[in-house]
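A.B. asks:
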Amino acid sequence: MNDMLKTTPDFSIDAAATLLAEHYGLSGALSPLASERDQNFKVETAEGTFILKIVNAAEPQVESDFQTAMLAHLGAHAGDLPVPHIRPTLSDESLASVTGSQGLDHRIRLVSWIEGLPLAETARSDAALNSLGHMLGRFDAALKGFMHPGALRDLDWDIRKAGRSTGRLHHIAAAGDRALLERFLQRFEALAPRLATLRAAVIHNDANDWNVLVDAQDADRICGLIDLGDALHAPVIAEVAIAAAYAGLDHADPIGAAAEIARGFHAEYPLLEEEIDLLYDLIAIRLVTSVTMSASRRSHTDDNPYLAISERPAWELLRKLDRMNPRFATAILRQACGFEAAPGARAVIDWIDRNRKSLKPLLERPAATYPAALVPYGDPTHPMTVLSAAERPDEAQAIWEAYARENGVELGIGPFAEERTVYAGEMFVSRFIDGARRTRHLGFDLFMAAGTKVFSPLAATVVSVEIEKDPLGYGCLIALRHEPEGCPPFISLWGHLAHEAMQRLRAGDRLEAGALVGHMGASTENGGWAPHLHLQLSTDTHLTATEILGVGEPRYLDVWAELFPDARTFAGIAREFFERQGRSHEEIVKLRRELLLPNLSISYEKPIKFVRGEGVWLIDDSGRAYLDCFNNVCHIGHAHPVVVEAMAKQAATLNTNTRYLHDNIVAYAERLTATLPKELTVAGFVNSGSEANGLALRMMRAHTGRENAITLDWSYHGTSQELIDISPYKFRRKGGKGQKPHIHVAAVPDSYHAPSDWPIEEHGKRFAESVAEQIAVMKARGEGPGFFIAESIPSVAGQVFLPEGYLREVYRLVREAGGVCIADEVQVGFGRVGSHWWAFETQGVVPDIVTMGKPIGDGHPLAAVVTTREITDSFDNGMEYFNTFGGNPVSCAVGLAVLDVIESQDLRGNALATGNYLMDAFRDMQKRYEAIGDVRGLGLFLGIELVTDRKTRLPATEFARAVSNGARRRGVLMGTEGPHDNVLKMRPPMIFSKRDADHLIAILEETFADVQKTLG
1 MNDMLKTTPD FSIDAAATLL AEHYGLSGAL SPLASERDQN FKVETAEGTF
51 ILKIVNAAEP QVESDFQTAM LAHLGAHAGD LPVPHIRPTL SDESLASVTG
101 SQGLDHRIRL VSWIEGLPLA ETARSDAALN SLGHMLGRFD AALKGFMHPG
151 ALRDLDWDIR KAGRSTGRLH HIAAAGDRAL LERFLQRFEA LAPRLATLRA
201 AVIHNDANDW NVLVDAQDAD RICGLIDLGD ALHAPVIAEV AIAAAYAGLD
251 HADPIGAAAE IARGFHAEYP LLEEEIDLLY DLIAIRLVTS VTMSASRRSH
301 TDDNPYLAIS ERPAWELLRK LDRMNPRFAT AILRQACGFE AAPGARAVID
351 WIDRNRKSLK PLLERPAATY PAALVPYGDP THPMTVLSAA ERPDEAQAIW
401 EAYARENGVE LGIGPFAEER TVYAGEMFVS RFIDGARRTR HLGFDLFMAA
451 GTKVFSPLAA TVVSVEIEKD PLGYGCLIAL RHEPEGCPPF ISLWGHLAHE
501 AMQRLRAGDR LEAGALVGHM GASTENGGWA PHLHLQLSTD THLTATEILG
551 VGEPRYLDVW AELFPDARTF AGIAREFFER QGRSHEEIVK LRRELLLPNL
601 SISYEKPIKF VRGEGVWLID DSGRAYLDCF NNVCHIGHAH PVVVEAMAKQ
651 AATLNTNTRY LHDNIVAYAE RLTATLPKEL TVAGFVNSGS EANGLALRMM
701 RAHTGRENAI TLDWSYHGTS QELIDISPYK FRRKGGKGQK PHIHVAAVPD
751 SYHAPSDWPI EEHGKRFAES VAEQIAVMKA RGEGPGFFIA ESIPSVAGQV
801 FLPEGYLREV YRLVREAGGV CIADEVQVGF GRVGSHWWAF ETQGVVPDIV
851 TMGKPIGDGH PLAAVVTTRE ITDSFDNGME YFNTFGGNPV SCAVGLAVLD
901 VIESQDLRGN ALATGNYLMD AFRDMQKRYE AIGDVRGLGL FLGIELVTDR
951 KTRLPATEFA RAVSNGARRR GVLMGTEGPH DNVLKMRPPM IFSKRDADHL
1001 IAILEETFAD VQKTLG
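For what it's worth, our numbering labels the leading residue of the sequence shown as 1, then goes sequentially.
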């Protein structure tokens, strides 16, 4: 290149005017233009404005021909591109020739002038840079398939030759500047082999800010691209890198400028990920080439102003790039082109969301179960924020603790992306944007007391354990690497921990899911903060713990959100904590009173507004999760995906009534009856347990012609009047009309409250005598029973498990008296007991009619009656049976899905195993808490009866209510049942796991201890 400086043309304006007239027949005003190795004149004539270029004598003929051919190709294939067009000579040639004063031959070219302002003289808005990217993309796309021998030239400005800058380093006087360039050259040397694997084509190769023109009337629009003298065959990505290098000069946000150019280019000429991943280094190496070329030429030429163009700002930009983390810059550039900020980032985010149910709790119990509130760091005026920024953490913590006590808060949350003024130090000045600060929190904070243990939700390998000593830094900082199956690896960062982890953990240690990571540190060791955990995820596993950006610039929040995804799901915080919607509690209560039946009850003195269910959890409108051990309607878990899919698919296809043929109703009847004894073969479908029991009574009347009912005391069978009439739980309480003459109430067969002199083996027969007495009363009146109805495990009576042989004896008595036996399995059916599909099977009997509801549809309104052929023959008496919605295709699809899940996941086996595990734990608690009089259960139908005295067995109603409310405060839902509301009632979903059971046990232990301390 230095040799070409010796052959630069040196024509006067008058000589150039003579050439213009001689070869082009034009005259006009000429003014010189700056040029590196050629000589250019602006020519203003009556026919228009042109550029007269006198080519360096050392330029090979093939290169001049290359430019001519390239311009001709662009004119033919992209005539609308605003690039110079050749004006032929008087002899219709593209070039003319002339001999200079030194005897050197030069070629001459005249091209059209393009109006516009140089980009260097404008504000370089984002829109203008994006427009530049579009222009370059169109330019390069128009040259696809074009090739010429002159494009394969050896040029120092070829980005592949940037390594030659090493040979020019001796021209750089300052040692620090040389070291700066050497760092970039070392990076280039490592990536240079990859350049050969990238796409290459003919490119402009010099879209510097003087060769790019901006519309004078629209500063956001690029209107011209000039000076194709450096065009050559090179990697396509070099086009973007060169333009970005110059656009970044004196720009407040050079990577943002590069991102806009790349975004525009990508829209016209899609880039590849492997190209974008080199862009940061190629931008830097173009600047290295520029400053070393300048330094070299200064040693040969002192008065060429072109050589000084961009040198000072180029050095400033190189220093700025050197301060940046290249991986962050690349992430910004990748996302600008629609790629993930880090490869696999979106897959990590998706995997965590899909597998959130299987993550182990990060705290002693699931984080979403704690009453939580936002920590006020988002409020710059809040005293806690002000004190924290002033490095007065103990005073800040005292403010938080006072607020938490007053409001019943146990967990403080510092959300991802929160704008915070608390980051006041120099360490938070942006390295990307001049004059900007990093203010957006990129971690997820959990505030609890110093010493609180934190656990890894996933198996992990320890990457590093270190102490960051900067004020308002991390204190003890731990990085873990997670590699779950089916998910790209990612890093979790744990900051502000106690220093004890330094002695306990080492890089390379393996942690299992649920293993202890550390303890929240006190302010003296956590960097000077109120005690909390800074939890952060990184999808870029190449970053070290201290490189992971804990606070970021607002401009690039969308990039940081992929590099460092919001860790709230990983931490176990429900999305509803941040997304409260709908009416307030007070407004809903008010509207219920105005619009709904006044005796429609609400649970708890302080009602809960649930907005979502998931598995065994119910989530309220504040994002707090409650372990549901009470709501047995969602039998296989709330919003089970198999049920949801079956429901949605069938609803989107067809829903109609049973007067038309459809596969689902017969398929479901076939599957359902297959779970029952062979005698029970005919099904009828309805919409609720009450409807099922009502239909059972219709069948009973048709078969027996009788009305007399035998029911158990404190039983409940439905909401219609005829069912209230057979439900002592209703008719004997407030608002009830009392017992009707045809209703006969037998004693609850409750072995725990049986007379002490009854042998246990005789309890079934002894309690059955109460039924025999009712039959005798009817017989004395010349009547007989129409039916006996009982829940197979009386529920509202207090989770009462029937003594062995009870139903066998009762069924014998009733049938001998001409009645039928109805098993109400609305609450206890569908495998809840674990050992059998139906609770009546534990008694070794076969009912005449079985009713079922609640769990049958996992929350969908579906119920059924299954009976014998004999009874249905009696029911088929000429009156049509029709139920508009009973047995519709959607309901039957749901019912089939429920059966599929129970069978495919062996939920009966799970119910039995988990139930036994809970029973063992409850019995162990019974040894320590005198208030526990009886523990009873089978599968996941469980009860704990609380008493004031184990001998007298008097009910401990207040204690039971306190335990139920205490569990609710701790995030577990259960109920109280029995005539005295002293039996804790638990009926969790069938998917209830050992982990769920452990959580329930822990909460009960904590609650019992608290209540015993309070009540004695």
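The beta-carbon is built from N, C-alpha and C at its ideal position, and this holds for glycine as well.
Could you tell me the alpha carbon to alpha carbon distance between I548 and A258, rounded to whole angstroms?
C.D. replies: 23 angstroms
A.B. asks: Would you tell me roughly how many angstroms separate the C-alpha atoms of A817 and Q1012, rounded to the nearest one?
C.D. replies: 50 angstroms
A.B. asks: Could you pull out every unbroken alpha helix (DSSP H) segment of at least 4 residues lying fully inside the segment 687-775, listed in chain order?
C.D. replies: Those alpha helix (DSSP H) runs which fall completely within the segment 687-775 and span 4+ residues are 689-704, 721-724, 728-731.
A.B. asks: Compute the beta-carbon to beta-carbon distance between V745 and D713, rounded to the nearest angstrom, for a pair I have assumed lies under 8 angstroms.
C.D. replies: 5 angstroms
A.B. asks: I'd like the list of long-range same chain contacts for H206, defined as Cβ closer than 6 angstroms, with 5 residues on each side in sequence excluded.
C.D. replies: One detail in the question is off: residue 206 reads as Asp in this sequence, not His. Counting only Cβ-Cβ distances below 6 angstroms, and skipping sequence neighbours, we find D230.
A.B. asks: Straight-line CA distance for M1 to T18?
C.D. replies: With a pLDDT of only 47 at M1, under the threshold of 50, the placement of this residue in the model should not be trusted; the figure read from the coordinates follows. Cα-Cα distance, rounded: 29 angstroms.
A.B. asks: Does K985 come out as helix, strand or coil in the three-state DSSP assignment?
C.D. replies: strand
A.B. asks: Taking DSSP as the reference, what is the three-state secondary structure of A790?
C.D. replies: strand
A.B. asks: Looking at the strands, I want to know which residues DSSP matches up with A498.
C.D. replies: The partner list for A498 (beta bridge, DSSP) is empty, contrary to what the question assumes.
A.B. asks: Ordered along the chain, which non-local residues of its own chain (more than five positions away) have a Cβ less than 6 angstroms from that of R199?
C.D. replies: V236
A.B. asks: Does the separation of the CB atoms of V894 and M647 fall below 8 angstroms?
C.D. replies: yes
A.B. asks: From the DSSP output, in three-state form, read off N877 for me.
C.D. replies: Correct three-state label for N877: coil.
A.B. asks: Alpha carbon to alpha carbon, how far is G718 from G736? Give it in angstroms, no decimals.
C.D. replies: One C-alpha to the other measures close to 14 angstroms.
A.B. asks: Under the three-state reduction of DSSP, which class applies to D996: helix, strand or coil?
C.D. replies: helix
A.B. asks: Three Cβ pairs or more, each shorter than 8 angstroms: is that satisfied between the segment 237-253 and the segment 278-286?
C.D. replies: yes
A.B. asks: Shortest alpha-carbon distance to R354 belongs to which of D434, G572, G521?
C.D. replies: It is G572.
A.B. asks: Can the beta-carbon of F830 be found closer than 8 angstroms to that of S792?
C.D. replies: no
A.B. asks: Measure the C-alpha to C-alpha separation of V1063 and C892 and round it to an integer number of angstroms.
C.D. replies: No information on residue 1063 is available, as it lies outside the stretch 1 to 1016 that the chain covers here.
A.B. asks: Please state if the CB of A141 and the CB of E268 are separated by a distance shorter than 8 angstroms.
C.D. replies: For E268 and A141, yes; Cβs fall inside 8 angstroms.
A.B. asks: By the DSSP assignment, the beta strand (DSSP E) with D824 in it spans what residues?
C.D. replies: 820-824
A.B. asks: Taking DSSP as the reference, what is the three-state secondary structure of V559?
C.D. replies: Three-state DSSP puts V559 in a helix.
A.B. asks: Inspect the CB distances between the segment 558-572 and the segment 324-340 and report whether three or more fall short of 8 angstroms.
C.D. replies: The segment 558-572, when compared against the segment 324-340, does touch it at the 8 angstroms Cβ threshold.
A.B. asks: Is the beta carbon of I636 sitting closer than 8 angstroms to the one on M384?
C.D. replies: no
A.B. asks: Span of the beta strand (DSSP E) holding H233?
C.D. replies: 232-235
A.B. asks: Taking buried to mean at least 16 other C-beta atoms within 10 Å of its own C-beta, is T976 buried or exposed?
C.D. replies: buried
A.B. asks: Given a cut-off of 8 angstroms, decide if V291 and E311 are closer than it, judged by their beta-carbon atoms.
C.D. replies: yes
A.B. asks: What is the DSSP secondary structure of Q1012, counted as helix, strand or coil?
C.D. replies: helix
A.B. asks: Tell me, please, which residues DSSP counts as bridged to P49.
C.D. replies: Per the sequence shown, the amino acid found at residue 49 is Thr instead of Pro. DSSP lists E44 as partners of T49.
A.B. asks: Would the segment 428-444 and the segment 498-509 be scored as touching if the rule is three or more Cβ pairs under 8 angstroms?
C.D. replies: Counting Cβ pairs under 8 angstroms, fewer than three are found: no touch.
A.B. asks: On a Cα-Cα basis, can you pick out the residue from K161, T45, A78, P393 that is closest to R471?
C.D. replies: The displayed chain sequence assigns Pro, not Arg, to residue 471. In terms of CA proximity to P471, P393 leads the group K161, T45, A78, P393.
A.B. asks: Going by Cα to Cα distance, which pick from D434, V826, L813, F882 is closest to G859?
C.D. replies: V826
A.B. asks: Quick one: what does DSSP say Y626 is sitting in, helix, strand or coil?
C.D. replies: strand
A.B. asks: Can you tell me which residues form a DSSP beta bridge with H170?
C.D. replies: Answer is none; H170 lacks a bridge partner.
A.B. asks: Taking M293 and R183 to be in contact with their CB atoms under 8 angstroms, please state how far apart those CB atoms are, rounded to whole angstroms.
C.D. replies: About 19 angstroms separates the two Cβ atoms, so there is no contact after all.
A.B. asks: At which residues does the alpha helix (DSSP H) containing H585 begin and terminate?
C.D. replies: 585-595
A.B. asks: What separation, rounded to the nearest whole angstrom, lies between the Cα atoms of T8 and A57?
C.D. replies: 7 angstroms
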